[in-house]
Amino acid sequence: MERTGTVVRFSRLLATCSAGLLAAGALVASAPVAGAADVDLVRNGGFEAGLDGWNCANSSGVAVTAPKRTGASALKATPAGSDHAKCSQTITVKPNSTYTLSAWVQGSYVYLGASGTGATDVSTWTQSPDVWKQLTTTFTTGPATTSVSVYTHGWYGTPDYYVDDLSLFGPGGEPVVIPAVPAGLKTTALTSTSVALSWNAVSGASGYNVYRGGTKVATVTGPSATVTGLTPSTAYSFQVTATNAAGESAKSAAVTATTTEGGGGDGTELPARALVGYLHSSFANGSGYTRMADVPDSWDVINLAFGEPTSVTSGDIRFSLCPVAECPNVESEAEFKAAIKAKQAAGKKVLISIGGQNGQVQLGSTAARDAFVTSVSKIIDTYGLDGLDIDFEGHSLSLNTGDTDFRNPTSPVIVNLISAVKTLKAKYGSDFVLTMAPETFFVQLGYQFYGSGPWGGQDPRAGAYLPVIHALRDDLTLLHVQDYNSGPIMGLDNQYHTMGGADFHIAMTDMLLAGFPVAGDTTKVFPGLRPDQVAIGLPASTQAGNGHTTPAEVNKALDCLIKKTDCGSYQTHGTWSDLRGLMTWSINWDRFNNEEFSRNFDAYFGR
Numbered sequence: 158m159e160r161t162g163t164v165v166r167f168s169r170l171l172a173t174c175s176a177g178l179l180a181a182g183a184l185v186a187s188a189p190v191a192g193a194a195d196v197d198l199v200r201n202g203g204f205e206a207g208l209d210g211w212n213c214a215n216s217s218g219v220a221v222t223a224p225k226r227t228g229a230s231a232l233k234a235t236p237a238g239s240d241h242a243k244c245s246q247t248i249t250v251k252p253n254s255t256y257t258l259s260a261w262v263q264g265s266y267v268y269l270g271a272s273g274t275g276a277t278d279v280s281t282w283t284q285s286p287d288v289w290k291q292l293t294t295t296f297t298t299g300p301a302t303t304s305v306s307v308y309t310h311g312w313y314g315t316p317d318y319y320v321d322d323l324s325l326f327g328p329g330g331e332p333v334v335i336p337a338v339p340a341g342l343k344t345t346a347l348t349s350t351s352v353a354l355s356w357n358a359v360s361g362a363s364g365y366n367v368y369r370g371g372t373k374v375a376t377v378t379g380p381s382a383t384v385t386g387l388t389p390s391t392a393y394s395f396q397v398t399a400t401n402a403a404g405e406s407a408k409s410a411a412v413t414a415t416t417t418e419g420g421g422g423d424g425t426e427l428p429a430r431a432l433v434g435y436l437h438s439s440f441a442n443g444s445g446y447t448r449m450a451d452v453p454d455s456w457d458v459i460n461l462a463f464g465e466p467t468s469v470t471s472g473d474i475r476f477s478l479c480p481v482a483e484c485p486n487v488e489s490e491a492e493f494k495a496a497i498k499a500k501q502a503a504g505k506k507v508l509i510s511i512g513g514q515n516g517q518v519q520l521g522s523t524a525a526r527d528a529f530v531t532s533v534s535k536i537i538d539t540y541g542l543d544g545l546d547i548d549f550e551g552h553s554l555s556l557n558t559g560d561t562d563f564r565n566p567t568s569p570v571i572v573n574l575i576s577a578v579k580t581l582k583a584k585y586g587s588d589f590v591l592t593m594a595p596e597t598f599f600v601q602l603g604y605q606f607y608g609s610g611p612w613g614g615q616d617p618r619a620g621a622y623l624p625v626i627h628a629l630r631d632d633l634t635l636l637h638v639q640d641y642n643s644g645p646i647m648g649l650d651n652q653y654h655t656m657g658g659a660d661f662h663i664a665m666t667d668m669l670l671a672g673f674p675v676a677g678d679t680t681k682v683f684p685g686l687r688p689d690q691v692a693i694g695l696p697a698s699t700q701a702g703n704g705h706t707t708p709a710e711v712n713k714a715l716d717c718l719i720k721k722t723d724c725g726s727y728q729t730h731g732t733w734s735d736l737r738g739l740m741t742w743s744i745n746w747d748r749f750n751n752e753e754f755s756r757n758f759d760a761y762f763g764r
C-alpha cells in the first residue's frame, strides 16, 4: 500500500526471465535428414484441413490462404494482451527415441517447441522478417514417454504470426492403452481444512483424478495433490485413478485421513460477505484525512495504516495519529479511541496494519522478533484493537539461498515473523483477527519462481509470503492479496494475466483457493485456503493505484468465482460460493471517489 497515489511497480524478475527466454533460442538453418525408418507424425501439419488436429488457445488461430508457403493454406495466429496465441497438438511417440521437429514460420518472435518429452523439453524461436524462415529442433524422449505436445506461439503484444509445413519426424508410437491403477497412495500433510496426498507415478499416464468419498474432486498432471475446503477434525476417504488418451484406470485402494483441529482463524465473527478497507490514520495524502467516527458503516474491517518500525531491523513498531500540521481535521487521541469502541460496538473489527510501502520490517534476529511482539501488543492494548494486519512490502521478506521448501522455511526473517505472530495469537486468544495483504509478487508468482531458485540468480523475494501464509493458515482470518501495482502473473492455466480487469482477479483468486505447485514442483504443493479466508484486493479509484478495476469488471469477477458464471476464457477449479469479500486501498480514496467501491459492494451483495 502506498502513502501516495499511483505507483508503477513492475517485476524485475519477470522482465529478466522474459529477456532470458528471448536470448535462449537457437535457430538451425536446415533440418537434418530423417532416418529411413522415420515418418512424419504430425496430423495436418500444412493446415490444409483448417485446424483439424490442432488446439489453439482462446480461438486465437485460423487457417488462411495467404500468406502460405506451400499447398492451399497456412496457420495465422494472433497474440492479444496476455495471450501469446499458442497452438498445439499431442502426438503419440516411442520412449527413448529421437525426433526432429521443424516448421516454416513468418512474423515477429515466433516460437516452435515440444513439451512432455520426459527428458529435456525444447524450444526455438526467431525474430523473423516478412519472409518464410525454417525453425528446427530435436529431442529424445524419456524411458516412459508415449506422447508429447508440439506447439507454436508468438509473443505478447506482437502482430499476427504464420506457420506452414510443420513436421515431426521419428519412429511412430505404439497405440495408447489405458494406464494401470496407481499404487502407493498415502497422506503427506494435514491441516484443519486440507489433505495432501501422493502416490507412485504410472507409466503411460498423462494425468490423474483424485476422488473423495467416490466423488472426483481434483485433476492433476503429477503424482501428488492437495484436497482443500475440508472440515476440521473430520475423517475423509480418498482414491486416485490414472488417465491418458485411451481412458481412465480403475480406482486405487482407498486411504483415510482425518483433518486436524481448527485453529480459531475461521473468521466466524465477520459477516458472510465482508468489506475491508485501509484508513490513512497516521498520514495524509491527496485523498484527505478521514476521522474514525466518519468511516461509513459499509466497512466491516478497518485497518489502521500504518504501524512502522523505528528502523528496518529493530522490530520496534510505533503508531501515532497524523500530526495536526499535516491533517488539520485530525481528532484527539481520546476521540479516536472512543470512535474505535463505537465501531466495535457496531460489530466492526479495527486492526493495526504493520508495514506499507515505507514501513520495511525485517525480523532478522530473535531480539527484533521479541521487540515486534512487545511493541505491537502495546499498540493493540493502547487502542483496544481486535488484531493485526501484516502488510510487509518491498524488502521486508526474502528467502536465503538454499531455502527452497515453503513448508520448512529456514530464513530468519520468515521464521521470526511466524513465531512472533503465533505468540500474539496465543496471547490474545481465538478472537484475535489476523489478516495479510501481500503483493502478487510474493504469493502467486511463487507458481513459477520461489526465492533465488535451485541454481540462484532469481529475486529472493519471489513467493516469500508463501511460508508465512502456510504456517499461519489455521490462525489466518483473511488473506487479501493486492491485485494491483503488479506485472503480468501466470495463472493455473499457464497463461499470463494482466491487472485491471475481471480476468486478473479470477485467475489470481482461483490460485489461492485451488492451491498450486510451488516453482512448478508437484512434490511441493501450496494447499488452497478456505474461501471464507480470502478476499480480493483492489484499488478504490484510479488515483489509489495501478490496476483500478471498474465496478462492472469487479462484478464479473465475483460472478465467476462465487457462481461460476461470466468467467471469460479462464476456467476456475471450483465454485467458491463462500468467498469472503473485497479489500481496498483505501477508505480515504473511496470517499474521495464518491464511495463508488463500497456502494458497488453493498449493491452487489444486497446489503
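Per our numbering, residue 158 is the first one in the sequence shown, and the count goes up by one each step.
Here a beta-carbon is modelled for each residue, glycine too, at the ideal position from N, C-alpha and C.
For this session: Determine the burial state of alanine 760: buried for a count of at least 16 other Cβ atoms within 10 Å of its Cβ, exposed for fewer.
Result: By the Cβ neighbour-count rule, alanine 760 is exposed, with fewer than 16 other Cβ atoms within 10 Å of its own.
Exercise. Residues in its own chain within less than 6 angstroms of glycine 379 by CB, not counting five upstream and five downstream?
Worked result: These residues qualify, in order along the chain: Thr679.
Exercise. For the 8 angstroms Cβ check, are there 3 or more pairs between the stretch 363-381 and the stretch 312-325?
Worked result: Cβ pair count under 8 angstroms is below three, so no.
For this session: Could you tell me which uninterrupted beta strand (DSSP E) segments, each at least 3 residues in length, are contained entirely in the stretch 610-694, listed from first to last along the chain?
Result: Assignment of beta strand (DSSP E) within the stretch 610-694, counting only whole runs of 3 or more residues, yields 673-675, 678-683 in chain order.
Problem set entry | Contact set for proline 389: own chain, Cβ-Cβ below 6 angstroms, skip 5 residues either direction | Closer than 6 angstroms at Cβ, skipping near neighbours: Ser349, Thr416, Glu418, Gly419.
For this session: Compute the Euclidean distance between the alpha carbons of glycine 763 and asparagine 460, then round it to the nearest angstrom.
Result: Those two C-alpha atoms are separated by around 24 angstroms.
Exercise. How long is the line joining the alpha carbons of serine 553 and valine 518, rounded to whole angstroms?
Worked result: If I take the Cα positions, the gap works out to 5 angstroms.
Exercise. With a Cβ-Cβ cutoff of 8 angstroms, do lysine 584 and serine 534 count as a contact?
Worked result: With a cutoff of 8 angstroms on beta-carbon distance, lysine 584 and serine 534 are scored as near each other.
For this session: Below 6 angstroms CB to CB, which residues in the same chain sit around arginine 618 once its five sequence neighbours on both sides are set aside?
Result: Ser555.
Exercise. Is the distance from the Cβ of threonine 372 to the Cβ of aspartate 317 below 8 angstroms?
Worked result: No.
Exercise. Is tryptophan 282 helix, strand or coil by DSSP?
Worked result: Of the three classes helix, strand and coil, the one that applies to tryptophan 282 here is strand, per DSSP.
Exercise. Taking DSSP as the reference, what is the three-state secondary structure of aspartate 747?
Worked result: Aspartate 747: helix per DSSP, three-state reduction.
Problem set entry | Counterpart residues of glutamine 263 in DSSP-defined beta bridges | Under DSSP, the beta-bridge partners assigned to glutamine 263 are Tyr319.
For this session: Specify the secondary structure class of isoleucine 474 as computed by DSSP and reduced to three states.
Result: Residue state, collapsed to three classes: strand.
Exercise. Counting Cβ pairs closer than 8 angstroms, one from the stretch 710-720 and one from the stretch 566-577, do we hit at least three?
Worked result: The stretch 710-720 is not in contact with the stretch 566-577.
Problem set entry | Whole alpha helix (DSSP H) elements within the stretch 287-348, 4-residue minimum | Those alpha helix (DSSP H) runs which fall completely within the stretch 287-348 and span 4+ residues do not exist here.
Exercise. From the DSSP output, which residues share a beta bridge with isoleucine 547?
Worked result: Paired residues: Ile511, Met593.
Exercise. Just to confirm, are phenylalanine 529 and glutamate 483 a CB contact at a threshold of 8 angstroms?
Worked result: No, the Cβ-Cβ distance between phenylalanine 529 and glutamate 483 is not below 8 angstroms.
Problem set entry | valine 530 - DSSP class collapsed to helix/strand/coil | Collapsing the DSSP output to three states places valine 530 in a helix.
Exercise. What is the DSSP secondary structure of alanine 407, counted as helix, strand or coil?
Worked result: Per DSSP, reduced to three states, the secondary structure at alanine 407 is coil, with no helix or strand assignment.
Exercise. Going by C-alpha distance, which of Asp538, Gln615, Gln601 is nearest glycine 559?
Worked result: If we check each option's Cα against that of glycine 559, Gln615 comes out closest.
Exercise. Candidates Ser394, Trp742, Ala382: which alpha carbon is nearest asparagine 642's?
Worked result: In terms of CA proximity to asparagine 642, Trp742 leads the group Ser394, Trp742, Ala382.
Exercise. For methionine 668 versus glutamine 605, is the C-beta spacing smaller than 8 angstroms?
Worked result: Taking 8 angstroms as the Cβ cut-off, methionine 668 and glutamine 605 do not qualify as a contacting pair.
Exercise. What residues are listed by DSSP as bridge partners for glutamate 488?
Worked result: In DSSP, glutamate 488 forms no bridge with anything.
Problem set entry | Distance between asparagine 515 and phenylalanine 476 (C-alpha atoms, nearest Å) | Going from the Cα of phenylalanine 476 to the Cα of asparagine 515 covers about 13 angstroms.
For this session: Could you tell me if valine 481 is buried or exposed, where buried requires 16 or more neighbouring beta carbons within 10 angstroms of its beta carbon?
Result: Valine 481 is exposed by the Cβ-count criterion.
Exercise. Hey, would you say the C-beta of glycine 443 is under 7 angstroms away from at least one heavy atom of the ligand MN?
Worked result: This structure simply doesn't include the ligand MN, nor any ligand for that matter.
Exercise. Are three or more beta carbon pairs between the stretch 204-216 and the stretch 239-259 nearer than 8 angstroms?
Worked result: These segments touch.
For this session: Going by DSSP, name the residue or residues bridged to leucine 354.
Result: According to DSSP, leucine 354 shares a beta bridge with Thr344, Ala382.
Exercise. Quick check: the stretch 272-287 against the stretch 198-213, are there 3 or more CB pairs under 8 angstroms?
Worked result: Contact fails: fewer than three Cβ-Cβ distances are below 8 angstroms.
For this session: Can you have a look at glutamate 596 and say buried or exposed, based on whether 16 or more other CB atoms are within 10 angstroms of its CB?
Result: Of the residues assessed, glutamate 596 falls on the buried side of the cut-off, its CB having 16 or more other CB atoms within 10 angstroms.
For this session: Measure the C-alpha to C-alpha separation of phenylalanine 754 and histidine 437 and round it to an integer number of angstroms.
Result: So the two alpha carbons sit approximately 17 angstroms from each other.
Exercise. So what's phenylalanine 440 in DSSP terms, helix, strand or just coil?
Worked result: DSSP places phenylalanine 440 in the coil class of the three-state scheme, outside both helix and strand.
Exercise. If you count every other CB in all the chains shown that lies within 10 Å of the CB of glutamate 490, and 16 or more means buried, which is it?
Worked result: So glutamate 490 ends up on the exposed side.
Problem set entry | Residue closest to leucine 574, alpha-carbon to alpha-carbon, out of Thr470, Lys498, Ala495 | Leucine 574 has its Cα closest to that of Thr470, out of Thr470, Lys498, Ala495.
Problem set entry | Where glycine 704 sits in the DSSP three-state scheme | In this structure, glycine 704 counts as coil in the three-state DSSP scheme.
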